[in-house]
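Residue numbers (UniProt numbering): 1 to 361. For each residue, glycine too, the CB sits at the ideal point set by N, CA and C. A short worksheet on the structure shown next.
This is the structure we're talking about:
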């Protein structure tokens, strides 16, 4: 009986040990991680993907390395400025990712806690380098917005050289802690700066309003100018239209007068041509005798001036004065009348001696 009990107990112990060993041999790698194995403290060449895996219990251990995006927080980083003021960055966040193909090399060179050597220590170093060459004003205010980008560039430059496969996606830096007295001064300065900015903004608003009014005035003036120009152009067009109408009317009047003058000239020209054909020598002689015959009285006597010129003189005079028979007759009548008046006394004597008689036409 005791022997059977001992066998039973031994079997239970062995089974328990087997269960414990089996439980230790089975392990799980989560998604987004890569498993690395150590045996006796030495890194094995084997890596594992997510899932369940077996290993020698007790002799072999493993570490799960994250290969997805992760954020490392570096806290309370001291930094001394070029002026000797010690400030502290409360928290610096480094967003990074490790590629799965680079896990083995980086773990072998920097252990499974590679981020401590490659990121944490590097952040301390780069920040101290930056602060040592800049003043408190530059670190705290002027260049603060450049710290994260400069730190990211510096980290990635070293990682590309010493740890290929580890990439820094972003760096976020919180405002550093500065001595209380200096902080109050900066707060006062920020308050004054805020007041100045408010004043500047008010001034800009006033200037903008003035600029808006000026532009409105300019637009209104330009509109009035355009309206005046349009009105002026309309008046000019009206004047030009009136001018053209006047020119057309003048041309029409000129053409009418020219046509009338041409017609009169043509009429007179034709009349003159007709007179040239009408006033022949025989016709003029006839008109001369008719003019003489139209006188109501004819006087005879030796003292009476000769009434008729020589035939040759008459013919010459007729040729020079052709076309004016009425003028000739009128002048002849005038000569006769003057002669009659000048010799009235003599005419009376002649009438008493030789007599006179009336002749009707």
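If we count the other Cβ atoms within 10 Å of its Cβ and call it buried at 16 or more, is residue 33 buried or exposed?
So residue 33 ends up on the buried side.
With C-beta atoms as the reference, is residue 29 less than 8 Å away from residue 54?
The Cβ-Cβ distance between residue 29 and residue 54 does not fall below 8 Å.
My assumption, with CB atoms under 8 Å, is that residue 96 sits in contact with residue 119. Please give the rounded CB distance.
7 Å
If we require 4 or more residues per run, which alpha helix (DSSP H) segments fall completely within the stretch 46-120?
103-110
Could you name the residues that DSSP lists as bridge partners for residue 176?
Answer is 89, bridged to residue 176.
Do you know how far the Cα of residue 117 is from the Cα of residue 73?
Taking the straight line from one Cα to the other gives about 13 Å.
Runs of alpha helix (DSSP H) lying entirely within the stretch 224-248, each at least 4 residues, in chain order
none
Comparing C-alpha positions only, which one of 195, 289, 121 and 141 sits nearest to residue 178?
141
Taking residue 39 as the reference, which of 94, 62, 157 and 250 has the closest Cα?
62
Reduced DSSP category for residue 124 - H, G, I as helix; E, B as strand; rest coil
DSSP places residue 124 in helix when its eight states are reduced to three.
Do residue 168 and residue 152 come within 8 Å of each other at the CB atom, strictly closer than that value?
For the 8 Å CB-CB criterion, residue 152 and residue 168 form a contact.
Does the structure place the stretch 79-86 close enough to the stretch 123-133 that three or more beta carbon pairs sit under 8 Å?
yes
Starting from the Cα of residue 71, find the closest Cα among 173, 208, 201 and 43 and give me that residue.
173
Among 274, 115 and 183, which residue has its Cα nearest to the Cα of residue 165?
115
Tell me the DSSP secondary structure of residue 170 in three-state form.
strand
When the Cα atoms are used, what is the spatial distance from residue 270 to residue 281?
If you take the alpha carbons of residue 270 and residue 281, they lie about 20 Å apart.
With DSSP as the reference, identify every bridge partner of residue 28, one or two as the case may be.
52
Please report how far the alpha carbon of residue 157 lies from the alpha carbon of residue 121, in whole angstroms.
15 Å
By the DSSP assignment, the alpha helix (DSSP H) with residue 283 in it spans what residues?
281-293
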